[in-house]
Structures are given as C-alpha cells and as structure tokens.
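Chemist: Have a look at this one.
Chains as they are written, first to last, in our numbering: chain P, 5 to 116; chain U, 91 to 202.
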C-alpha cells in the first residue's frame with residue numbers, strides 16, 4: 005500500500021517568513037495529493053490539493069509543488085501570519101485504491 | 091447546510107463496553123471514511139465505504155465494525171472497548187476518492 009512520510013515534524017518561523025513542508029510517497033501511481041490544516045481541537049480542513057497532471061498550484065499565499073519523478077510534494081506558505089499556526093497534514097491517494105494515506109503532520113508555529 | 095455531523099462529541103467508556111459512533115453527511119457524497127487520530131501518528135484510516143452498499147478495511151480495522159446504513163449515514167462500532175482505542179475519531183466524506191474529504195468535528199473517546 006501507499007506510504008507517506010512528512011518532514012519536519014515541527015517548524016518554527018518568524019512572522020513574514022516562508023514555511024516549507026515536504027512529503028514523500030511510495031506508490032508511483034498515486035494521483036491526488038491534498039493538504040489539510042488542523043487547528044487545535046478542530047477538524048482537519050482542506051487548504052489546497054494537486055493532481056498528478058500538474059506540477060504546481062497556487063492559491064494566494066499557499067502553493068504546492070509536485071515532483072512525480074522523485075515522488076515528493078511540498079507545501080509552501082509565504083508571508084506567514086500568526087493565524088497560520090496549526091498542524092498541517094499531507095496525504096496521497098494510491099493509484100489502485102479508494103482511500104487517502106496521511107502523513108504524520110507538521111506543527112507550524114509562527115512567532116511574532 | 092451542516093456538512094458532516096458526528097455524535098456524540100465526547101464519551102467515556104469502561105473496558106469491555108460497546109458503543110456506536112454515528113456519522114451523517116448532507117452533501118450527497120458517495121464515499122465515507124472513519125479515521126482515528128492519536129498524538130504524533132496523524133490520521134489513520136479504520137474503515138471506509140467507497141459507495142453505498144460497500145465497506146472496506148483501512149489501515150487499523152481490528153476491534154471495529156462499520157455499517158453504511160444508507161448514502162447519508164456511516165456508523166462505527168466498538169464491540170468490546172479497550173484502553174488502546176482511546177483516541178479522537180473523525181468521520182469524513184467525499185464525492186469520490188480523488189476529491190476533497192470533508193471532516194466532521196470528531197468524537198473524543200476515552201476508555202478506562
């Protein structure tokens with residue numbers, strides 16, 4: 005089955021700096037890669053997703069890049085703000101299945 | 091439009107007791123999922139239902155059973171609760187496996 009690894013597990017940045025979270029996956033047939041944000045005590049919420057037919061997608065301060073050859077994808081947050089502080093999860097859908105496999109999460113802290 | 095509704099929000103059980111967690115979605119989604127979330131381990135899939143009438147095991151199905159009652163409802167049952175099942179349980183739904191999943195608010199379950 006699919007295996008997703010996520011790094012780093014914790015990330016601390018200064019307000020206004022950029023943050024990058026990286027994930028690798030094992031199934032070369034994986035075709036859907038969402039990112040979720042989870043604030044403390046709340047539900048995970050989708051912030052951006054990318055499909056295997058594109059290499060990059062951007063939505064305001066958030067962007068995701070996908071490298072299918074290397075089997076890794078990354079989340080980029082620019083001009084970070086305190087409200088970006090949360091746990092971020094990457095996920096991948098394997099080519100032959102109907103489910104997502106999640107990474108173990110990155111705790112992002114944006115410091116003033 | 092409530093999205094995904096989970097009941098109860100909190101529950102304390104004694105070892106050996108049984109319980110059913112309820113989940114309902116009003117988005118006419120085909121697929122529904124049950125996850126457990128433990129510190130440092132991300133979201134792990136317990137069971138999922140790709141479409142009404144079908145259910146499949148996820149990564150950690152032991153000790154659980156599920157029922158896809160109809161298109162809207164997907165329940166998770168613990169037949170004989172164990173302390174290792176203390177966790178936060180999330181239900182999610184999506185239109186298809188390569189579409190965004192929408193999560194409920196979670197059920198915080200403690201087993202003594």
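Ideal placement from N, C-alpha and C gives every residue a C-beta, glycine not left out. For clarity, every value in this text was computed on a predicted model and none was experimentally measured.
1) Can you confirm whether residue 116 of chain U, when its beta carbon is compared against all beta carbons of chain P, has any partner nearer than 8 Å?
2) Along chain P, in chain order, which residues have C-beta atoms closer than 8 Å to that of residue 190 of chain U?
3) At 3 residues or longer, and completely inside the region 45–87 of chain P: list those beta strand (DSSP E) runs for me, N to C.
4) Taking the CB atoms as reference points, tell me whether residue 239 of chain U and residue 122 of chain U lie closer together than 8 Å.
5) List the whole-angstrom C-beta distance separating residue 119 of chain P from residue 32 of chain P, where the pair is believed to meet the contact cut-off of C-beta under 8 Å.
6) According to DSSP, what are the bridge partners of residue 96 of chain P?
7) Please work out which residues of its chain come closer than 7 Å, Cβ to Cβ, to residue 114 of chain P, disregarding the five sequence neighbours upstream and downstream, and give them in chain order.
8) Does residue 122 of chain U come within less than 8 Å of chain P when only Cβ atoms are used?
9) In terms of residues, what are the limits of the beta strand (DSSP E) holding residue 103 of chain U?
10) Under a Cβ-count criterion, where at least 16 other Cβ atoms within 10 Å of its own Cβ denotes burial, should residue 55 of chain P be classed as buried or exposed?
11) Between the C-alpha atoms of residue 245 of chain U and residue 114 of chain U, what's the straight-line distance to the nearest angstrom?
12) Check for me: the beta strand (DSSP E) holding residue 109 of chain U runs from which residue to which?
13) Are residue 117 of chain U and residue 183 of chain U closer than 8 Å when you measure CB to CB?
14) Excluding sequence positions up to five away, which residues of its chain have a Cβ less than 6 Å from the Cβ of residue 67 of chain P?
15) From the beta carbon of residue 110 of chain P, is the nearest beta carbon of chain U less than 8 Å away?
16) With H, G and I counted as helix, E and B as strand and the rest as coil, what does DSSP make of residue 96 of chain U?
17) Since residue 163 of chain U sits in a beta bridge, which residues does DSSP pair it with?
18) I'd like to confirm something about residue 38 of chain P: is its beta-carbon nearer than 7 Å to some heavy atom of the ligand MN, or not?
19) Looking at C-alpha atoms only, which residue of U:187, U:180, U:188 and U:201 is the closest neighbour of residue 194 of chain U?
20) Can you list, in chain order, the residues of its chain whose CB lies under 6 Å from that of residue 106 of chain P, leaving out five sequence neighbours each side?
21) How would you label residue 100 of chain U, buried or exposed, when you count the other beta carbons within 10 angstroms and need 16 or more for buried?
Modeler: Quick look at the numbers:
1) Not one chain P Cβ lies under 8 Å of residue 116 of chain U.
2) Scanning chain P for C-beta atoms nearer than 8 Å to the C-beta of residue 190 of chain U yields 38, 50 and 53, reported in chain order.
3) 49–55, 60–63, 66–71 and 76–81, all fully within the region 45–87 of chain P.
4) Missing from the structure shown is residue 239 of chain U; chain U here goes from 91 to 202 and no further.
5) There is simply no residue 119 of chain P to check, as chain P begins at 5 and stops at 116 in what is shown.
6) Per DSSP, P:105.
7) If we look at residue 114 of chain P and ignore the five residues flanking it on each side, its Cβ neighbours are 17, 19, 84, 85, 86, 88 and 89.
8) It does not; no Cβ of chain P falls within 8 Å.
9) Counting along the chain, the unbroken beta strand (DSSP E) around residue 103 of chain U starts and ends at 100–103.
10) So residue 55 of chain P counts as exposed.
11) Missing from the structure shown is residue 245 of chain U; chain U here goes from 91 to 202 and no further.
12) Note, residue 109 of chain U: beta strand (DSSP E), 109–115.
13) Yes, they are a contact pair.
14) 80, listed in sequence order.
15) Output row for residue 110 of chain P: interface = no.
16) Reduced to three states, the DSSP call for residue 96 of chain U is strand.
17) BP columns for residue 163 of chain U point to U:114.
18) Among the ligands in the structure shown, none appear at all, so the ligand MN cannot be discussed.
19) Of the listed residues, the one whose Cα sits closest to residue 194 of chain U is U:180.
20) A distance below 6 Å between beta-carbons, with the five flanking residues on each side excluded, links residue 106 of chain P to the following residues of its chain, in chain order: 93 and 95.
21) Label assigned to residue 100 of chain U: exposed.
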